[in-house]
Amino acid sequence: MPLLTMKQILDDAIAKNYGVGAFNINNMEQTLAIMSAADRTESPVILQASRGARKYAGPVMIYGLVQAAMKLYPKVPVALHLDHGNNFETCKQSMDDGWTSVMMDGSLMEDGKTPSTFEYNVDVTSRVVAEGHKRGITVEGEIGTLGGIEDGHGADRVKLADPDQAVEFAHKTGVDALALAFGTSHGAFKFKAKPVLAYDIVQAVNKKMPGLAIVSHGSSSVPPELVAEINKYGGKMPGAMGVPLEDIVRSIDFGVRKINIDTDLRLAATATIRKVFVETPEKFDIRDYLRPAMEAMSHVVETRMIAFRTAGKASNFTKVISLEEMAKVYAKK
Ligand SMILES: [Zn+2]
Numbered sequence: 002m003p004l005l006t007m008k009q010i011l012d013d014a015i016a017k018n019y020g021v022g023a024f025n026i027n028n029m030e031q032t033l034a035i036m037s038a039a040d041r042t043e044s045p046v047i048l049q050a051s052r053g054a055r056k057y058a059g060p061v062m063i064y065g066l067v068q069a070a071m072k073l074y075p076k077v078p079v080a081l082h083l084d085h086g087n088n089f090e091t092c093k094q095s096m097d098d099g100w101t102s103v104m105m106d107g108s109l110m111e112d113g114k115t116p117s118t119f120e121y122n123v124d125v126t127s128r129v130v131a132e133g134h135k136r137g138i139t140v141e142g143e144i145g146t147l148g149g150i151e152d153g154h155g156a157d158r159v160k161l162a163d164p165d166q167a168v169e170f171a172h173k174t175g176v177d178a179l180a181l182a183f184g185t186s187h188g189a190f191k192f193k194a195k196p197v198l199a200y201d202i203v204q205a206v207n208k209k210m211p212g213l214a215i216v217s218h219g220s221s222s223v224p225p226e227l228v229a230e231i232n233k234y235g236g237k238m239p240g241a242m243g244v245p246l247e248d249i250v251r252s253i254d255f256g257v258r259k260i261n262i263d264t265d266l267r268l269a270a271t272a273t274i275r276k277v278f279v280e281t282p283e284k285f286d287i288r289d290y291l292r293p294a295m296e297a298m299s300h301v302v303e304t305r306m307i308a309f310r311t312a313g314k315a316s317n318f319t320k321v322i323s324l325e326e327m328a329k330v331y332a333k334k
């Protein structure tokens, strides 16, 4: 099966009321962990690479990893998505590199820190949509500003999305998916207390635009048992806290379709590696700690796929809609 567009996956999620995890990849271990979990649970999946990942492994390596994993797990429907593109050029480069979906985060300026204006966001996102749709590629935008920093990307002040402005933004830009700031946050230290998600924002946008896929960024649950494990084996993560998994699951019923998860896999890997180092200090074969780390990450992904009701949906994708076909659909609009 070739790469799917993210739109094809999210359209099915909209039609059948489920959520799809978008998991960040930087290396082979993460890619295999996610893909094997998708295979075991028969789930479609969104693999996403940020600018940081593209810098770390290089776009050729990331693309190659995904292609290899797809050969190993040919039944898994996969979309490859750019997470937090910061300008037109980064998005266009990812399109040239074979990504089937990009995010243009125009809620922030190119530096990835300074909140932008609505007009700037509409302008830059519209240009990415025009370029992407010409090629059949899916485009995600963002409205409102999320808290928390992810790969050096994020504003220090949070601004929840205004539903009317979100709808206006989606109409003006033509985005396929829209990240809404509704109370989630990036990273492991995002909250001082249990967060309260503003489901009403999601619900209001979904009511006016039921065909728009709403995206929840910063949706790691930061499982306390993983944080405890990290701290037990010499780590230092006091007060790490995430969004409870049941709250994220609830947001699916209000219209969230794409759920971004990165931190939880980092925690699972770090906890496992620390444990191996402390309990068996004589080990130095990298497979001795990366193999269990991979298994721990895969377990996290599997639980999310089951919770988001993605499990069992792989068989919905018997036909891959090609980029050419998608481009024709967009051209008619
Ligand atoms: Zn994000």
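In this text, residue positions in the sequence shown follow the working numbering: the first is 2, and each later residue adds one. For each residue, glycine too, the CB sits at the ideal point set by N, CA and C.
For ligand 1, I want to know if residue i counts as a neighbour, meaning its beta carbon is within less than 7 Å of at least one of the ligand's heavy atoms.
i, result
"H300", "no"
"D84", "yes"
"K122", "The sequence shown places Asn at residue 122, rather than the Lys named in the question. No, Cβ of N122 sits at least 7 Å from all heavy atoms of ligand 1."
"G243", "no"
"G142", "no"
"N87", "no"
"G219", "yes"
"H134", "no"
"N261", "yes"
"H172", "no"
Can you give the beta carbon distance from residue i to residue j, rounded, assuming they're within the 8 Å contact cut?
i, j, result
"A241", "V223", "5 Å"
"L73", "W100", "Not really, about 20 Å apart at Cβ, beyond 8 Å."
"A50", "N28", "No, A50 and N28 are not in contact; Cβ-Cβ is about 10 Å, not under 8 Å."
"N25", "D112", "Contact doesn't hold; Cβ gap of about 21 Å is too wide."
"I10", "I47", "7 Å"
"V250", "A308", "5 Å"
"V321", "M2", "6 Å"
"G53", "S108", "Rounded, the Cβ-Cβ distance is 18 Å, inconsistent with contact."
"M7", "T174", "No, M7 and T174 are not in contact; Cβ-Cβ is about 16 Å, not under 8 Å."
"P164", "A205", "4 Å"
Counting only the same chain and skipping the five closest in sequence on each side, list residues whose C-beta sits under 7 Å from that of residue i.
i, result
"H218", "L147, A180, T185, H187, N261"
"Y64", "D98, G99"
"R41", "E303"
"S44", "M306, T311, A312, K314, A315"
"P293", "T273, V277"
"V176", "T126, V130, V140, E141, G142"
If you drop the 5 nearest sequence neighbours on each side, which residues of the same chain put their C-beta closer than 8 Å to that of residue i?
i, result
"P245", "K195, S222"
"Y290", "T273, I274, V277, F278, K284"
In chain order, what residues of the same chain lie with their CB nearer than 6 Å to the CB of residue i, ignoring the 5 residues before and after it?
i, result
"A70", "T32, M36"
"S299", "A34, S37, A38"
"C92", "G86, V103, M105, V129"
"S323", "none"
- Cβ pair count under 8 Å reaching 3, the stretch 249 to 262 against the stretch 313 to 326: no
- Message: Measuring CB atoms only, is the stretch 20 to 40 touching the stretch 316 to 333, in the sense that at least three cross pairs come out at less than 8 Å?
- Response: no
- Item | Given 8 Å, three or more beta-carbon pairs between the stretch 227 to 242 and the stretch 269 to 276 | yes
- Task: Assess, as a yes-or-no matter, whether the stretch 126 to 141 is touched by the stretch 194 to 202 under the definition of 3 or more beta carbon pairs within less than 8 Å.
- Result: no
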